[in-house]
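K.L.:
Chains as they are written, first to last, in our numbering: chain A, 68 to 162; chain B, 68 to 162. Where is the CB? At the ideal position from N, CA and C, for every residue including glycine. Here you go, one structure.
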């Protein structure tokens, strides 16, 4: 199991319609085959500048790669992530 | 529930005795009251420079603060974390 964790901050104002619209689109990643335990969480530590965090899990590297190359993910990255996200980082965790 | 996630990198070489010793000490944080779902994981994304990650959960902010000020945590930070850790970041996630 690989846990994929991506804290991020949007270009949009808190509580804006643009923020809400992005979050709806972001949650649709949960429907991509192989995505398990999808969560869209708030980042609340004052020691971090990120406001949100996506957490999801994959059974193995093959499932992860299938997600990465899935058209719905590629489209989301191109049309939403690269447009709406001001800053992010990625970590992948395993036992 | 608050999930506290801390990816980090040690000053020690991979596979060294110093690394193993630190990880044993790190795992003892799981014994501090209020710490739930403690995990010490490997960070495997090539997009990140961190090598490990601690993940733990707290029922609420009071439990989190009790952990932060617990003598075993304060001692670990002073005698191990500030000595052995080369780089880290913290995120706290909640619904």
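1. Closer than 8 Å by beta-carbon distance: list the chain A residues that pair up with residue 68 of chain B, in chain order.
2. Return helix, strand or coil for residue 140 of chain A, following the three-state DSSP convention.
3. What does DSSP give as the partner residues of residue 124 of chain A in its beta bridges?
4. From the DSSP output, read off the bridge partner residues of residue 146 of chain B.
5. Measure the CB-CB distance between residue 163 of chain B and residue 105 of chain B and report whether it falls below 7 Å.
6. Check whether the Cβ atoms of residue 103 of chain B and residue 112 of chain A lie closer than 7 Å to each other.
7. Which chain B residues sit within Cβ distance under 8 Å of residue 109 of chain A?
8. Per the DSSP calculation, residue 161 of chain A is bridged to which residue(s)?
9. Would you report the Cα separation of residue 89 of chain A and residue 100 of chain A, rounded to the nearest angstrom?
10. Alpha carbon to alpha carbon, what distance is there between residue 93 of chain B and residue 87 of chain B?
11. Using a Cβ cut-off of 7 Å (strictly closer), state whether residue 157 of chain A contacts chain B.
12. What are the start and end residues of the alpha helix (DSSP H) that includes residue 87 of chain B?
13. Between residue 83 of chain B and chain A, is there a C-beta pair that is closer than 7 Å?
14. For residue 123 of chain A, does the count of other Cβ atoms within 10 angstroms reach 16, so buried, or fall short, so exposed?
15. Is the CB of residue 138 of chain A under 7 Å away from at least one CB in chain B?
16. So what's residue 80 of chain A in DSSP terms, helix, strand or just coil?
17. Just to make sure I have the definition right: I need the residues of chain A whose C-beta is within less than 9 Å of the C-beta of residue 117 of chain B. Which are they?
18. What number of angstroms, rounded off, separates the C-alpha of residue 91 of chain A from the C-alpha of residue 83 of chain B?
P.N.:
Once the coordinates are examined:
1. What residue 68 of chain B touches in chain A: nothing, since even the nearest Cβ is about 10 Å away.
2. helix
3. A:70 and A:103
4. According to DSSP, residue 146 of chain B bridges with nothing at all.
5. Look at the range of chain B in this structure, 68 to 162, and you will see that residue 163 of chain B is not part of it.
6. no
7. 160, 161 and 162
8. B:109
9. 21 Å
10. 10 Å
11. yes
12. 84–94
13. no
14. buried
15. no
16. coil
17. 158
18. 46 Å
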